[in-house]
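A.B. asks: The listed protein sequences derive, respectively, from chains A and B. Its first residue numbered 6, the first sequence is counted upward by one per residue in the working numbering. Its first residue numbered 6, the second sequence is counted upward by one per residue in the working numbering.
There are 2 protein chains.
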Amino acid sequence: MPGHDMIIIKYHSEAGVRFVREQEKPDIRRLPLFRDMATANFETLMQVAYSQNFPPQLDLLRQGEPADFLHIVVEGMVELRAEWGGRETTMAVVGPISTFVLAACIKDTAYLMSARTLEKSRIVMVPAVDLRAAFRRDPDFAMAVIVDLAGSYRSMVRHAKNLKLRNSRERLAAFVLRQSALNGQAPGFVLPVEKRLLASYLGMTPENLSRTMRQLESEGLKVDGQRLIITDRAALTALAQPDPLIDGPDTELTAEELGLPRANAVG
Amino acid sequence: MPGHDMIIIKYHSEAGVRFVREQEKPDIRRLPLFRDMATANFETLMQVAYSQNFPPQLDLLRQGEPADFLHIVVEGMVELRAEWGGRETTMAVVGPISTFVLAACIKDTAYLMSARTLEKSRIVMVPAVDLRAAFRRDPDFAMAVIVDLAGSYRSMVRHAKNLKLRNSRERLAAFVLRQSALNGQAPGFVLPVEKRLLASYLGMTPENLSRTMRQLESEGLKVDGQRLIITDRAALTALAQPDPLIDGPDTELTAEELGLPRANAVG
DNA sequence: CGAACCCTTGACAGAAATCAACTAAGGTGG
DNA sequence: CCACCTTAGTTGATTTCTGTCAAGGGTTCG
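(1) Checking the sheet assignment: what are the DSSP bridge partners for Q57 of chain B?
(2) Which residues bound the beta strand (DSSP E) around T104 of chain B?
(3) So with Cβ pairs under 8 Å, would you call V76 of chain A a contact of chain B?
(4) With DSSP run on the structure shown, which of helix, strand or coil describes M161 of chain A?
(5) D41 of chain A to A139 of chain A, Cα distance in whole Å?
(6) Pull up the CB-CB distance for N167 of chain A and I251 of chain A, whole angstroms please, since I reckon it's below 8 Å.
(7) Just checking: is the beta-carbon of L182 of chain B within a distance shorter than 8 Å of some beta-carbon in chain A?
(8) Using only CA atoms, which one of B:V150, B:E70, B:R86 and B:A133 lies nearest to F39 of chain B?
(9) Going by the DSSP bridge assignment, what does R183 of chain A pair with across the sheet?
(10) Taking three-plus beta-carbon pairs below 8 Å as touching, is the region 238-249 of chain A in contact with the region 173-186 of chain A?
(11) Indicate whether L226 of chain A and L202 of chain A have their beta-carbon atoms separated by less than 8 Å.
(12) Could you pull the start and end residues of the alpha helix (DSSP H) that N213 of chain B belongs to?
(13) State yes or no: is the C-beta of Q68 of chain B within less than 8 Å of the C-beta of L117 of chain B?
(14) Under a three-way DSSP split, which group does T95 of chain A fall into?
(15) On the three-state DSSP scale, how would you describe D145 of chain B?
(16) Compute the beta-carbon to beta-carbon distance between M82 of chain A and E29 of chain A, rounded to the nearest angstrom, for a pair I have assumed lies under 8 Å.
(17) Would R267 of chain A and P211 of chain A be called neighbours here (beta carbons separated by less than 8 Å)?
(18) Should S2 of chain A be flagged as near chain B, meaning a C-beta pair shorter than 8 Å?
(19) Just the C-alpha distance for V78 of chain A and E222 of chain A, rounded to the nearest angstrom, thanks.
(20) What span of residues does the alpha helix (DSSP H) with L233 of chain A cover, start to end?
(21) Please confirm whether any heavy atom of the ligand GTP lies closer than 7 Å to the CB of V228 of chain B.
(22) Give the single residue among B:G208, B:R238, B:P254 and B:G193 whose Cα lies nearest to the Cα of A270 of chain B.
(23) If you count every other CB in all the chains shown that lies within 10 Å of the CB of V129 of chain A, and 16 or more means buried, which is it?
(24) Under 8 Å, with one C-beta from each stretch per pair, do the region 22-37 of chain B and the region 50-61 of chain B reach the 3-pair mark?
(25) Along chain B, in chain order, which residues have C-beta atoms closer than 8 Å to that of A115 of chain A?
(26) Which residues of chain B have a Cβ atom closer than 7 Å to the Cβ of R163 of chain A, listed in chain order?
(27) Would Q190 of chain B be called buried (16 or more neighbouring beta carbons within 10 Å of its own) or exposed?
(28) What are the residues of the region 129-158 of chain A that lie near chain B, defined by any Cβ-Cβ distance shorter than 8 Å?
(29) If A165 of chain A sits next to M96 of chain B, beta carbons under 8 Å apart, how far is it from one beta carbon to the other, in whole angstroms?
(30) So the candidates are B:K200, B:A204 and B:L75; which of them puts its Cα closest to the Cα of P132 of chain B?
(31) Answer yes or no: do L170 of chain B and T94 of chain A have a C-beta to C-beta separation smaller than 8 Å?
(32) Let's test the definition: count the other Cβ atoms within 10 Å of the Cβ of E199 of chain A and tell me whether it reaches 16, buried, or not, exposed.
(33) Rounded to whole angstroms, how far is the Cβ of M161 of chain A from the Cβ of M161 of chain B, which I believe are closer than 8 Å?
(34) Taking G90 of chain B as the query, report the chain A residues whose CB atoms sit under 9 Å from its CB, ordered along the chain.
(35) Can you tell me where the alpha helix (DSSP H) holding A239 of chain B begins and where it ends?
(36) Counting only the same chain and skipping the five closest in sequence on each side, list residues whose C-beta sits under 7 Å from that of L63 of chain B.
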């Protein structure tokens, strides 16, 4: 069991493995996924779960490995990325509080994506076996799993639509407007991730993103390091043609539905 | 309720609306989605469902519309496509027997994709309301929904990985090898769909697909109209670098996991 | 028979990746 | 505190990939 080996190694090397702290349980409990579950079942899951701090840039799991644990990001930020033939791409970035690799755990098969921390992160890991037992036993939890998976699926459909229907300039413009919308139409915000990572998520190279940002400076965007400011919303909107069927509805302010974490407003 | 309006119109214009036929129930029942459901619940669903024949090229539903029905393709072939800003792309093609727009029905929200028949098709439509009631009541059905959604999600993740990590030549080569693998490593097969549709699914223009096929003729592929024959598997494999984490495991021979229907072997 | 429509091919334009060089910022260790 | 190193980001030059436009061949279907 590679998963358990890993745990033990980490335990000795960093003394990071603990039971889930009482103080973090309520936050996890508030997740839509666990909210409606019977208390006894939730407690059982928490008792068999591990909780651990990880340093930045650490690989949590690799694509192709058997799915042993459902992961919950309690603190920090985790990149989900895919690799093939020496290339790699960012599929999503998940922040607190949300889960990842749920589908792989359910199907009891290999992860399709790798995960690594972007910053110091606290991760709760629920053994896949116990997870599967839980929703077989608890109908309310099963319902929550259904809703979660349906949302994840739709999120990935939107990601694919975005890639297939828009070019990179349009994708960037749409991303900017989306982040603004999530901050109540704020005129500016700070990028939630490095530009290179944003580029990868949007399906382009860092060089291309850099140039595309420069292009957009004549179309209503001002770039100041990590800070982006919308100077002409109409122009950007004309370019991006925002569409809730791709970008997600503005009412959905949850991070779960967004491929990248929500930015912080500025200006 | 646009959905019911549509039904009534169709009823009068084509006399196509019927209760689900007794003879087609067993086929539907055999679907992983319905297989484990309690018989009484299955019968209830079938009693409230519509069953209808559609001519080719007919729009079954449009993206953005509220999800009123889970659709089951009993016969024929249906394209799921996405539109934006005057462009459109094929996201998947589903053949018998499988379902589509399950996620939208669960979330009780708008379809993310449009659907139209590619050939004369027989479609069973289960009202979303009854569907949701069913898996709230039937834990075994809920489990099946979970497994189905998890599979759909992973399928879309693979589609996105394919788009982001491979160029169009690699995608085509991988597609060819995948179809061959699904037919027991058959050297040749007939394309299950028109080339223009394959092009759209693979994220390229018809012209580009045409040229790429020509390119591959010097890399182990022979193209004869709708018939493709592998002449040098090693060369194609070197190009495509098939990967179960993108192309799907060879053991999964179900159509549900494939973005396009399975081809028929020849030669 | 004509009208679509699919497919192909050619010529061209545009988009995006690659390669290379350079700057700036942040962290490390002396 | 500073020299050094690493890394993100930018910019330019170039190549490669892909889309667009246009035209023609072949097929199907009314």
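Note that beta-carbon positions come from the ideal geometry of N, C-alpha and C, so glycine has one too.
C.D. replies: So, from the data block:
(1) In the DSSP assignment, Q57 of chain B is bridged to B:I128.
(2) Residue range S103 to F105 is occupied by the beta strand (DSSP E) that includes T104 of chain B.
(3) Sequence check: residue 76 of chain A is His here, not Val. No, no contact with chain B.
(4) helix
(5) 13 Å
(6) Yes, N167 of chain A and I251 of chain A are in contact; Cβ-Cβ is about 5 Å, under 8 Å.
(7) Not an interface residue.
(8) Answer by Cα proximity: B:V150.
(9) According to DSSP, which records beta bridges pairwise, R183 of chain A is partnered with nothing at all.
(10) yes
(11) no
(12) P211 to L221
(13) Result yes, Cβ atoms of Q68 of chain B and L117 of chain B sit closer than 8 Å.
(14) In the structure shown, the three-state DSSP call for T95 of chain A is strand.
(15) helix
(16) M82 of chain A to E29 of chain A, Cβ: 16 Å. No contact.
(17) No, they are not a contact pair.
(18) No statement about residue 2 of chain A is possible, as the shown extent of chain A runs from 6 to 272 and does not include it.
(19) Note on geometry: alpha-carbon atoms of V78 of chain A and E222 of chain A lie some 35 Å from one another.
(20) No alpha helix (DSSP H) holds L233 of chain A; the beta strand (DSSP E) holding it covers R232 to I235.
(21) The ligand GTP is absent from the structure shown, which contains no ligands of any kind.
(22) B:G193
(23) buried
(24) yes
(25) P249 and L250
(26) Correct list: L117.
(27) exposed
(28) F140, R141, P144, A147, M148, V150, I151, V152, L154, A155, G156, S157 and Y158
(29) Going by Cβ atoms, the distance from A165 of chain A to M96 of chain B rounds to 7 Å, so yes, they are a contact pair.
(30) Answer by Cα proximity: B:L75.
(31) yes
(32) exposed
(33) 4 Å
(34) Simply L170, R171, E175, Q246 and D248.
(35) R238 to A245
(36) R121 and T122
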